[in-house]
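Below is one structure, written out as structure tokens; comments come after it.
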Amino acid sequence: MLLLIFEQVLCSIAHLFCSSKSMYSRLG
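If you read the sequence shown in the UniProt record's numbering, its first letter stands for residue 1, the second for the next number, and so on.
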């Protein structure tokens, strides 16, 4: 069960990272 929660957290962090990266690419 802990692995599922960990995976969800990793997914959300990766999503935030991707969105911020796209924002940076849009600015640059």
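Quick reminder that beta carbons are idealized off the backbone N, C-alpha and C, glycines included.
Quiz prompt | DSSP state of M1 mapped onto helix, strand, coil | solution = In the structure shown, M1 sits in coil (DSSP, three-state: anything other than H, G, I, E or B).
Exercise. Work out the CA separation of I5 and F17 for me, nearest whole Å.
Key: Approximately 18 Å, taken between the alpha carbons.
Quiz item: Can you give the Cα-Cα distance for L27 and E7, rounded to whole angstroms?
Solution: 30 Å
Quiz prompt | For M1 and Y24, the rounded distance between their alpha carbons | solution = 35 Å
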